[in-house]
Amino acid sequence: MANIGFNHDLSWDAARDQLFGGDLLVYSRRESTLALAAHAHRMAQEALGPEPERAQFELSVEEFIKRVGPLKSRFTNDAVTKTLVRDVLVSFGCDLDDTYFDVPRLRVVPHGGYLSSGVSYAYKAHRDIWYSSPTAQVNWWMPVLDVTPQRAMSMLPGYWARPIANSSSQFDYAEWCQVGRQLATEQGKVDTRKHPLPQEPVDLDSEVRIAGTRGDMLLFSAAQLHSTAPNESGVTRFSIDFRTVSLSDLRSGKGAPNIDNKATGTTLGDFLRARDFQPIPQDNLQGVAA
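In the working numbering, the protein residues as written are 114 to 403.
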């Protein structure tokens with residue numbers, strides 16, 4: 114059974130306890146999340162025009178990739194983006210000295226079969242821990258513009274305690290950083306990068322699609338199985354996601370169960386302290402399990 118909590122007034126410690134137990138937490142838009150969504154929307158308009166969600170119908174796939182690649186990089190690396198993410202964390206009661214986040218991503222998922230690889234890769238069912246994320250990781254996901262079930266993200270909570278055969282044993286994060294990320298803008302019709310994938314049919318009976326509005330936030334554990342839902346809504350989906358870890362959780366071993374992940378390497382080197390955007394000190398990671 115999937116437990117979904119809406120707008121529960123939880124401390125950040127209590128929220129992580131629920132997430133690491135398999136719950137999904139949903140929160141209505143607030144000032145901080147709306148500010149982050151507005152920032153992303155302005156950037157998308159600068160790159161794609163006044164209605165970026167309809168740009169795919171005016172641009173060739175090649176031109177779309179040419180514009181979206183730099184847009185995504187600009188959003189991720191922008192100093193204002195990081196500051197707005199920190200504001201979101203403050204509004205959720207996170208301890209800025211204990212909380213680390215990875216740089217946020219702007220996801221661009223066009224309608225139909227226009228583009229589903231490279232800069233608009235449609236993620237197959239996966240757990241983030243298959244991509245070498247730590248079990249103590251919390252995923253944050255929010256739409257930049259309102260979404261419908263036809264362009265939402267697909268959550269598969271029925272697999273929380275159910276292992277699934279997968280190719281995570283073939284995934285190494287260091288190799289992904291050296292090769293996979295660099296190839297994103299070169300992937301047109303087919304994505305040839307080595308993504309960790311299910312190796313058996315995925316049962317969709319437990320699928321949940323949470324269709325939020327601009328700035329609504331979905332929180333879930335990195336161990337939750339999820340995927341990019343096929344976009345059949347008639348417009349491009351824009352969403353933001355980032356991830357957090359608490360250093361205290363890493364040190365104590367607190368996190369979600371690992372039931373089927375065999376990936377190597379760790380993403381922890383990508384995380385920045387929310388207080389001052391400094392990386393996790395390497396000496397603090399000695400002996401810490403990812």
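Don't be surprised by glycine CBs; every beta carbon is placed ideally from N, CA and C. Keep in mind that this is a model prediction, so the values were computed, not measured.
Residue i (DSSP reduced to helix, strand or coil)
i           : result
residue 273 : coil
residue 152 : helix
residue 350 : strand
residue 118 : strand
residue 248 : coil
residue 163 : coil
residue 299 : Because the pLDDT of residue 299 is 48, which lies under 50, any placement of that residue in the model is unreliable, and the number read from its coordinates should be weighed accordingly. Residue 299: helix per DSSP, three-state reduction.
residue 285 : strand
residue 355 : strand
residue 377 : strand
residue 256 : strand
residue 233 : helix
residue 384 : coil
residue 188 : helix
Cβ pair residue i, residue j closer than 8 Å
i           : j           : result
residue 345 : residue 225 : yes
residue 119 : residue 252 : no
residue 190 : residue 216 : yes
residue 323 : residue 265 : yes
residue 404 : residue 369 : Outside the shown range of the chain (114 to 403) lies residue 404, about which nothing can therefore be said.
residue 242 : residue 376 : yes
residue 407 : residue 219 : Any question about residue 407 goes unanswered here, given that the chain covers just 114 to 403.
residue 153 : residue 188 : yes
residue 280 : residue 310 : yes
residue 184 : residue 388 : no
residue 394 : residue 325 : no
residue 198 : residue 355 : yes
residue 380 : residue 286 : yes
residue 239 : residue 338 : yes
residue 88  : residue 247 : Absent from the model: residue 88. The displayed extent of the chain is 114 to 403, so no value can be given.
residue 146 : residue 203 : no
Anticipated Cβ contact below 8 Å, residue i with residue j, distance rounded
i           : j           : result
residue 278 : residue 372 : With 8 Å as the limit, residue 278 and residue 372 do not qualify as a contact, their Cβ atoms being about 12 Å apart.
residue 227 : residue 169 : 5 Å
residue 142 : residue 329 : 5 Å
residue 366 : residue 245 : The pair is not a contact, with the Cβ atoms about 18 Å apart (cut-off 8 Å).
residue 348 : residue 167 : 6 Å
First and last residue of the uninterrupted alpha helix (DSSP H) at residue i
i           : result
residue 199 : 192–204
residue 133 : 125–133
residue 327 : Neither: residue 327 is in no alpha helix (DSSP H) and is coded neither H nor E.
residue 361 : 360–365
Cβ shell of residue i (< 6 Å), same chain only, five flanking positions each side left out
i           : result
residue 300 : Residue confidence is low: residue 300 scores 43 on pLDDT, short of 50, so the model does not pin down where it sits. Its coordinate-derived value is still stated next. Closer than 6 Å at Cβ, skipping near neighbours: 230 and 231.
residue 357 : 212, 214 and 251
residue 123 : none
residue 361 : 211
residue 391 : none
residue 296 : The predicted position of residue 296 is uncertain, since its pLDDT is 48 and thus under 50; a value taken from the coordinates is nonetheless stated next. Hits under 6 Å: 306.
residue 263 : 345 and 346
Residue span of the beta strand (DSSP E) that contains residue i, given as start and end
i           : result
residue 209 : Run containing residue 209: none; DSSP gives neither H nor E here.
residue 140 : 137–140
residue 341 : 339–341
residue 218 : 218–222
residue 267 : 266–268
Other residues of its chain near residue i: CB distance less than 7 Å, five sequence neighbours each side excluded
i           : result
residue 319 : 115, 269, 270 and 271
residue 132 : 138, 251, 332, 333 and 334
residue 205 : 125
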